[in-house]
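Heads up: the protein sequence lines correspond to chains U and L, in order. Under numbering that gives the first Met the number 0, the first residue of the first sequence is numbered 0, with each subsequent residue one higher. Under numbering that gives the first Met the number 0, the first residue of the second sequence is numbered 0, with each subsequent residue one higher. All C-beta atoms, glycine included, are put in the ideal place defined by N, C-alpha and C. None of these values were measured; they are calculated from a predicted model.
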Amino acid sequence: MPNFSNGLHKLSNPHVLSRSLTKPKLLPMIFTCFTMLQKYSLFAAALLAISAAQAQTINIRTIAAQMKYDVEEFTVIPGAEVKLILENGDDLPHNLVIFDAGTDVLAVVSKNMEKPEEALKRDWLPDSPAVLAHTKMAGPKTREEVVFKAPTKAGLYPFACTFPGHTQSMQGKMKVGTPGPGLTGLKFAVYNGEWSKLPDFATLKPHREGDIADNLVQLKFDDYKNQFGVVYTSKLNAPRDAEYVFSIGADDGARLLVDGNKVVELDGSHSVAEIKDGKIALKTGEHDFRLEYFQGTGEAQIFVAWRGGDFAATPLSKWVPPTWGGDVKKAKTDGGAKMPLIVGNEPVIYRNFISGAGNRGIGVGYPGGVNLAWSAEQLNLVMVWRGGFIDTARHWVDRGGGAQGPLGYDVFQPVSGLSQPFAVLASTDEEWPRTNKQWADGYKWKGYKLDAKRYPTFLYEWEGVKVSDRYDVVGDTAKGEVKLIRTLKLDGKIPANAYLRLGFGASITPEGGGFLVSNGRLSLDKRDFQNAFRIAADGAQIGGKNLLIPARAEMKITYAWPTDTVKH
Amino acid sequence: MKTLSIISVLFLTTSLAFAADKESDFYKITTFETPKETAMEVSSIELLPGDKLALGTRRGEIWTVSNAKGDPSQVKYQLFASGQHEVMGLAWKDGALYETNRYEVAKLTDDDGDGRADTFATMSDQWGVSGDYHEYAFGSRFDKNGDLWVVLCLTGSFSSNIDFRGWAMRIKPDGTMVPTCSGIRSPAGLGFDADGEVYYADNQGPWHGASTVQHLIPGSFQGHPGGNKWYPKAPNMGQRPPDPKDNSRMVTERERIKELVPPVAYMVHGKIGNSTSFICCDLSKGKFGPFQKQLFVADQSFSNVSRLFVEEVNGIKQAAVFPFLSGFKSGLIGGRMSEEGQLFAGGSDRGWGAKGGKPFCFERVDWTGKVPFEVHEMRAKPDGFELTFTEPVDPTSAGDVASYKGREFTYSYRAQYGGPEIADVIPKITSAVVAPDNKSVRLTFDVLTKGHIHELHFDGVKSADGKPVLHPIAYYTLNEIPAK
């Protein structure tokens, strides 16, 4: 009779375990229960493994100033208890809301804006049955956690931040995955010895051997605490020909072999904090599983799980590290800003190589969380974004080569790149003049002036006309809606048929007195953005793919984001 | 017994070392604290009215500094401007500060008197910028004609990808840009001599066996042909000169290329420095010591300053280079000497390491009032050199040819990066005649080699009171041998 306890009864209360060990009379009954289960299909064994697992913990961070979660996708087991921890490292508030599979998240979230005052009272949590679970709105540099029961139905469940303007870039997926098979016929052999590395167990004589009824690798030996080793052997059924990933964690050392091949090893004495993965391709069918383990002194723990083929990460051990998230896909990120320029109560100017803004780009970060890049080559607004301004590390560390893109999010380029602001057109359908890469023809850069609040006004001349181009921010990104107001003033004789190009897009749709301009995807520094914005200006008109306005002495243009509801 | 003698030798050596003069006995470096919120990577320095200074930095900031001429603990900084694309040149004129940044010369003014720049008026932005980090633009102060000079680094080391990379330009007061010299490689500083002639520092690389100090004569070709394709855009410069032949000699190619101006001085690589930067002329009328009107030239890599005595022979500038002062805290880039004879210097080691060891620095050099025993001037003569000293010499040692050792070498003038010292000639010093006032010595050599760097050691020379020369070495770039 193996001197093991089993998992089922102890799931809810681990203290039962130690008690059961002192009451051997209970064991025969439990054992019977297990043998019955073992007769079930592999799936039953798998269920056994899963139900034995503790609550699965998922850790998700928000990346400072990037409007991003650090996790793209995580996997949970149907019906499992999931503890989700949201660490908000950003300067803006964020939540994490999990929606039902198939939910159009943007559509649900945008309903908030129909009654924003009420949505604000709910901390921007959508009032929708599609919300399955959610954290509270986490303030800047705080954390929130939520415990919920995973859906029982396999599928992809979207999650998102529902703060206004955040949803588009702060999304991910929770995968509810079918668990994989568990171990069958698990045996143990315990060895006594004092080791600092895994010994060659083949040359040693086991002190004790036996079966593990619940087929979960575990360490609860009543009389072994220090200086012992265990070899677990079992059969493992690969559901199909595929590559499988095994994860182990051990305090102290462990090594996993399948069919005699080492898959992953964590030798030597260390804590269980490190989880290591190893891969192996397996053919459909039964394989030999062998896990070798040793304990020196102090804490003792063993963890093993596998995933692959078409099933989710499945623990094969009774104990699961609390930090183990299972199958977690990290978002692509450079780890966040290293030397961000912080915008306080004055605009901050950054002249350097800015991705998408040519070689004479001028970045301006405005209070209110709106930023722009203006080109001193084309004398025009090139790019607008919100959130973080710019990370200077590329230019201020080492020699400083290359161009740096925006730090924030929701980037759009009104005229899709570098282009001159004004042109004389015979008709509004005429193609806009092509860019002269270094200096726009007929233009002369004159510099800029800062006002008392340090807001820049860009100055240039076009065909003898003195032009000033200035920007103001209304609202605050951190509080929700925000818009950018551009004021152009022309001093001099404006040529006939002169137009200012406000926007360029594959789609320009009139809406609410303005236009929604969209020009597909914008890729900058390996990040993708929706090149879409709202724009309004008196006299704006569509001409082909251009949004134009006849040049006049003073022009005011409002730029806003499609995810915000802006009253022009 | 043996041990004893070793100890006594050690003792002797140590006591001698203690007795010897040090640079710091004559010139003292003061390191200023700089504002914690920034990295003061000084790349340009200008003097402002009211005993103030302006510092331009690689991070694109311009700081004004008060009290930098006095007690260093009283120094105060104010951020005048920020967000500029590297400030590699600053010039003050009539209430405005002119900055040279990566793609323009702009006039900065503080319109409301709060100490911060409000107007950034572009004067000229007519040179090309391709986006390559190497394309630095260094700017000068106003020259004697009221023009600003800008030297434009090539796109990297070899080529010129966009307008006028590898050229020196003049910016006229109305903003007109005049292409002025071709042949620039990788400049790191501009300066004037006492007559207002313009010099720039170039760095070791292709067509540069060593870093150099060069004389910017309008219309000249400075030696690196990488940017010569822009001649058609510079009609004032005439026809494009022929490219130099690879693996040739500067002295040979000067015969072929009439526009080619040889370096005023080779800053001998690995000895004087590795990366020449600012150029300052001592116009303090003696307040910086005995080296009036000489040039003080810094090195980024060596974190030091060397001294150049420049003379003109057959219409060509050439100079003797002497070590001057080492021990600056970081790689020197920006420098400026005040009329009061204080040399302000600063820099950074970012991207290119520096001996100083600190990531950036802002420092001041003051003359202590003590005159070091040094070779003051070294002039070329038809058959040798004339050395004058800062103090009377001991006629016996100074008059002994054995006190001197010469070597003549050059670098290959080649497209390949850098290069070794080649074509060594070891001259025989045939006579050393001390002048009656004991202030100068006339040396005759059995051979002088035109175009070679003449390395001269004078370790044996003693002052009248028995001191050795503080820096007993000079490198003279003998572009021309005088007829008399």
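Judged by DSSP in its simplified three-state form, Leu-105(U) adopts helix. Pairwise C-beta distances place the segment 85-105 of chain U in contact with the segment 122-142 of chain U, as three or more of them are shorter than 8 Å. In this structure Phe-503(U) is in contact with Ser-415(U), their Cβ atoms being roughly 5 Å apart against a cut-off of 8 Å. Along the segment 71-90 of chain L, going in chain order, the ones with a CB nearer than 7 Å to a CB of chain U are Ser-81, Gly-82, Gln-83 and His-84. A distance below 7 Å between beta-carbons, with the five flanking residues on each side excluded, links Lys-482(U) to the following residues of its chain, in chain order: Val-473, Gly-474, Thr-557, Tyr-558, Ala-559 and Val-565. At a cut-off of 4 residues, the continuous stretches assigned as alpha helix (DSSP H) that sit fully inside the segment 378-438 of chain U are 392-395. Spatial neighbours of Ala-372(U) in its own chain (CB-CB distance under 6 Å, excluding positions within 5 residues in sequence) are listed in chain order as Ile-353, Ala-356, Gly-360, Gly-362, Val-381 and Met-382. Annotation for Glu-117(U): the continuous alpha helix (DSSP H) segment containing it runs 115-120. In this structure, the beta-carbon distance from Gly-248(U) to Phe-302(U) falls below 8 Å. Counted as a single uninterrupted DSSP element, the beta strand (DSSP E) harbouring Arg-207(U) occupies residues 207-210. DSSP places Pro-178(L) outside any alpha helix (DSSP H); the residue lies instead in the beta strand (DSSP E), whose first and last residues are 176-180.
According to DSSP, residue pairing for Lys-525(U) in a beta bridge does not occur. Within its own chain, the residues whose Cβ lies closer than 7 Å to the Cβ of Ala-95(L), once the five positions on either side in sequence are excluded, are Lys-106, Leu-107 and Thr-108, listed in chain order. At a cut-off of 8 Å, the C-beta of Gly-340(L) has no neighbouring C-beta in chain U. Bridge partners of Ile-452(L) according to DSSP: Phe-408(L) and Thr-476(L). Gln-437(U) has a beta carbon lying within less than 8 Å of a beta carbon in chain L.
Straight through space, the alpha carbons of Asp-250(U) and Thr-232(U) are spaced by roughly 19 Å. If the five residues before and after His-214(L) are omitted, its C-beta is found closer than 7 Å to the C-beta atoms of Glu-196, Tyr-198, Val-260, Val-263 and Lys-316, all from its own chain and listed in chain order.
Here DSSP, grouped into helix, strand and coil, assigns Val-374(L) to strand. Residues of the segment 310-343 of chain L with a C-beta less than 8 Å from any C-beta of chain U: none at all.
Pro-394(L): member of the alpha helix (DSSP H) spanning 394-397, first to last residue. Spatial neighbours of Met-176(L) in its own chain (CB-CB distance under 6 Å, excluding positions within 5 residues in sequence) are listed in chain order as Ser-123, Gln-125, Met-168 and Ile-170. Judged by their CB atoms, Tyr-408(U) and Arg-433(U) are not nearer to each other than the 8 Å cut-off. Counted as a single uninterrupted DSSP element, the stretch harbouring Thr-251(L) is not any beta strand (DSSP E) but the alpha helix (DSSP H) occupying residues 249-255. Excluding sequence positions up to five before and after Val-468(L), its CB lies within less than 7 Å of the CB of Phe-372, Glu-373, Val-374, Phe-457 and Val-460, all in the same chain and listed in chain order.
Going by beta carbons, Phe-421(U) and Ala-550(U) fall inside the 8 Å limit.
Residue-level contact by beta carbon holds for Ile-348(U) and chain L, with a gap shorter than 8 Å. Interface flag for Gly-127(L) against chain U is set, since a Cβ pair is found closer than 8 Å.
Under a criterion of Cβ atoms nearer than 9 Å, no residue of chain L is adjacent to Asp-524(U); the nearest Cβ is some 14 Å distant. One thing to note: Leu-487(U) has its Cβ within 8 Å of the Cβ of Val-466(U). Assignment of Val-74(L) by DSSP, reduced to helix, strand and coil, places it in the coil class.
Under DSSP, Cys-360(L) takes part in a beta bridge, and its partners are Gly-346(L). The beta carbon of Gly-288(L) sits closer than 6 Å to those of Trp-366, all from its chain and outside the five residues before and after it, given in chain order. The continuous beta strand (DSSP E) containing Gln-300(U) extends over residues 300-307.
Here DSSP, grouped into helix, strand and coil, assigns Met-169(U) to coil.
Residue-level contact check: Trp-323(U) does not touch chain L, since none of the beta carbons of chain L fall below 8 Å from its beta carbon.
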